[in-house]
Amino acid sequence: MSNLPTIELVETCFTDRVDPRAHDVAERTCGWLIDQGIATPEIAARYHKYLCTTLVPRCYIGGSWAAVAAINDFMVWVFIYDDYFFAPDRAWPSTHHDLAAAAKDPEDHEKHSDPMVRGLANIVRRFYAQGMGTEWESRFARHLAEIFAQFTEEHRQRSAGYQPTEREYMALRHGTWFTEAWVDLAELNAGSALPKQMREEDPYRSVMDAAQIFCVIHNDMVSLPMELAAGHTHNLGAVFMGHEGLTRAEALDKMRTLAAGYVERFLNAEQRMLAELEGKRDDVSEACRACMRTARDWIGLSRWYNHASPRYSEDEFTGGPR
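Its first residue numbered 91, the sequence shown is counted upward by one per residue in the numbering used here.
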């Protein structure tokens with residue numbers, strides 16, 4: 091994607107990091123997809139070609155093997171789920187109910203007839219085996235249920251031919267981007283759940299939100315031509331074009347400006363949070379630093395992936411990926 095507009099702050103303030111286990115993690119995930127019946131060997135190879143199997147070792151770095159492997163499986167599961175979401179023959183409200191149930195009681199769903207449901211159950215069971223505590227587990231299950239409810243709402247909007255406003259779209263995308271799940275998994279990778287007061291208040295929450303919103307906007311920038319070609323309207327650029335009458339070029343410029351603004355917000359909040367942690371070496375402070383490193387890596391990863399992956403190129407697009 092060499093024609094993707096660059097964002098100077100991202101180019102100058104963020105570096106790529108890669109976990110040394112990246113190759114092994116990617117290979118293990120390809121095998122897991124096949125073993126779970128989620129993908130044929132050909133489809134698993136396609137997602138590997140898209141670089142989907144190599145993302146987690148570039149942002150969730152340094153966690154235990156079990157944690158990183160499970161998060162990597164989840165990452166690719168999300169990509170495949172997002173593509174399957176466009177399948178016209180899926181009974182999505184019913185499927186979403188089963189997925190939410192699998193997140194709450196994974197052991198009861200590992201033999202579900204739908205490979206996507208049993209695959210999610212397998213992943214979540216492994217998450218819960220990491221000893222994060224019942225509060226974290228309940229929070230993660232609740233967040234997944236809320237995410238699937240947002241997908242049900244998007245399905246309703248698409249079926250009705252409704253294009254959301256900017257505010258509506260960004261609220262919806264908070265769910266369909268799996269934002270809260272990625273934030274929770276930063277704690278899993280760090281090996282410790284953060285106190286509620288820390289994780290829900292500034293500046294920590296601003297760090298996580300700014301990084302995630304940047305990734306949403308950056309993804310919508312690179313996928314906009316593909317979305318328009320498929321006639322999809324659930325993309326921030328398409329929203330600007332539909333509601334504000336912008337041209338595609340104008341919509342891309344507006345998204346680039348917004349994305350750069352969120353990088354600035356991230357850097358400001360990161361600086362404030364690090365100042366609060368200065369001199370502290372307790373377990374909670376170290377876990378917080380690890381989570382913020384993950385958030386920083388989300389931004390660098392988004393830049394790398396959207397330039398390196400063929401997922402959004404014209405010859406690769408099949409009408410599903412966003």
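Don't be surprised by glycine CBs; every beta carbon is placed ideally from N, CA and C. Bear in mind the structure is a predicted one, so any value in this text is a computation, not a measurement.
1) Counting C-beta neighbours from all protein chains within 10 Å, is the total for K344 16 or more, i.e. buried, or is it exposed?
2) Can you find the residues in the same chain that come closer than 8 Å, C-beta to C-beta, to A112, ignoring five residues on each side of it along the sequence?
3) Using a 10 Å radius around the Cβ and a threshold of 16 neighbouring Cβ atoms, would you call G223 buried or exposed?
4) Tell me which same chain residues have a C-beta within less than 6 Å of the C-beta of G127, skipping the five on either side of it?
5) Please go through the same chain and pick out, in chain order, the residues whose beta-carbon is closer than 6 Å to the beta-carbon of A129, but skip the five residues on each side of it.
6) How about C305 and W394: are their beta carbons less than 9 Å apart?
7) Which residues in the same chain have their Cβ closer than 7 Å to the Cβ of Y171, if we skip the five residues on either side of it in sequence?
8) Would you kindly work out how many angstroms separate the C-alpha atoms of T408 and W182, rounded to a whole number?
9) Return the chain-ordered list of same chain residues with a C-beta closer than 6 Å to the C-beta of L413, the five sequence neighbours on each side being excluded.
10) Less than 9 Å between the C-beta atoms of T119 and A157, yes or no?
11) Roughly how many angstroms lie between the CA atoms of E340 and R229, to the nearest whole one?
12) Over what stretch of residues does the alpha helix (DSSP H) that includes C378 continue unbroken?
13) Using 8 Å as the Cβ pair cut-off and three pairs as the minimum, do the segment 267 to 276 and the segment 247 to 257 touch?
14) In angstroms, rounded to a whole number, what distance separates the CA positions of E197 and H233?
Put simply:
1) buried
2) T144, P147, R148
3) exposed
4) P205
5) L123
6) no
7) M206
8) Reliability of the predicted coordinates at T408 is poor, the pLDDT of 49 falling under 50, and the value obtained from them is presented with this limitation in mind. Those two C-alpha atoms are separated by around 20 Å.
9) The structure shown has nothing for residue 413, since the chain only spans 91 to 412.
10) no
11) 39 Å
12) 373 to 398
13) no
14) 18 Å
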